[in-house]
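Position one of the sequence shown corresponds to residue 8 (this note's numbering), numbered consecutively onward.
Below you'll find the structure, written out as structure tokens, and then a few comments.
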Amino acid sequence: MTKAYALSIGKGKSELLNLIQIKMKKLFLCAVMLLLAVGVNAQIMRAEELEKYAKRRYGAKWTDAAKNLAGQLQLDKNNALTYTQVIEAPNKTKTQLYVILNYWYTNTFGGGNSVIQLNDRDAGVIIAKSNVDAIASHTGGLNSYTIHLTSIIKTDIKDGKVRVTYTVPYYDVDVMYGVGILGAQEGTIAPIVQEKWLLDNCYPFARRDSHKKTSAKALIMAHAYSNVIIDKIEEAVKNGVVGNETEDW
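Next comes the structure, spelled out in structure tokens:
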């Protein structure tokens, strides 16, 4: 009788520990999501909005969309994804364009993880780093990972024209090893490991990719974001940031 009672207590303790571990994991994941949400508020476009835009442009089948884009895209000499576009503004001087773009950059990249890295009026160069959190994620049997988009936006300013260079040097990835589907069932808690995934190791630039679908979505999201950024800069150059930047006032 005493032995059976002891076994019952031991089993109860084990179940209690498992329950505590599961609760702790849920709290940990909630904290991570809260931090991501705080970071998202400072972004030019949230991941949810960007995904809707990307689906409208390229469809919801990420792997097929990435495969179709592969023939149009090529990594630069640093194995980064780079887009360049020249925007004509024939009636505006270098100074006028600088004032407009300085205003746009300050409004767009003035907080959170998105920051202005260089602002040189004389050289006519403005460079900013932009972040969009959680553009793609995956939970496998053992591991879980979330991809964040870091892009560098550079504008070169001359009389009558602006050149925009948009670069994605790598994917920032938060990985939790041992916290996949199986880990969740066991109530496993693991630290977040931050990694940088080089694009030449990711699909479609690399055919063999263990996270092919997630890499495909990350590429489409990065490509869609380049469209958003360049369109917004073109709109600012041609029509101003708020639409009332005229000489008559």
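Beta carbons: idealized from backbone N, C-alpha and C, even for Gly.
No experiment lies behind these values; they were computed from the predicted model shown.
Looking only at its own chain, which residues have a Cβ that is under 6 Å from the Cβ of residue i, when we skip the five neighbours before and after it?
i	result
I134	Q124, L125 and K161
E202	V180 and V182
What whole-angstrom Cβ distance do residue i and residue j have, given they're in contact under 8 Å?
i	j	result
N86	L206	6 Å
L156	A229	6 Å
I51	T113	With a Cβ gap of about 13 Å, I51 and T113 do not count as contacting.
I159	P176	7 Å
V235	I107	About 18 Å separates the two Cβ atoms, so there is no contact after all.
Y90	S233	5 Å
I237	W111	Going by Cβ atoms, the distance from I237 to W111 rounds to 12 Å, so no, they are not a contact pair.
L88	L80	7 Å
V132	D163	6 Å
What does the Cβ neighbour count give for residue i, buried or exposed, with the cut at 16 atoms within 10 Å?
i	result
D166	exposed
R221	Strictly speaking, residue 221 in this sequence is Thr, with Arg absent from that position. It is buried - the Cβ of T221 has at least 16 other Cβ atoms within 10 Å.
P211	buried
A130	exposed
N140	The displayed chain sequence assigns Asp, not Asn, to residue 140. D140 should be labelled buried.
E58	buried
A72	buried
A67	exposed
V249	exposed
T153	buried
A213	exposed
By Cβ distance below 7 Å, which residues in the same chain neighbour residue i in space, the five residues on each side in sequence not counted?
i	result
W69	K220, A223, K224 and I227
W204	Y177, Y178 and V180
R64	A231
K74	P211
K136	S121, V122, Q124, T157 and I159
Q103	none
Pick out whichever of the options has its Cα sitting closest to the Cα of residue i.
i	options	result
T100	V169, N208 and T174	V169
V93	G250, Y173 and A77	Y173
N109	E95, D127 and A96	D127
N138	S151, T153 and N120	N120
G247	R214, N98, R53 and Y184	N98
V185	T91, E242, D216 and G147	Checking the sequence shown, residue 185 turns out to be Gly, not Val. Ranking the options by Cα distance to G185, first place goes to G147.
E55	A143, S217 and E95	A143
V171	H218, K74 and E95	E95
If I measure Cβ to Cβ from residue i and keep anything under 8 Å in the same chain, skipping five residues before and after, which residues do I get?
i	result
E242	none
D216	N208, C209, Y210 and S222
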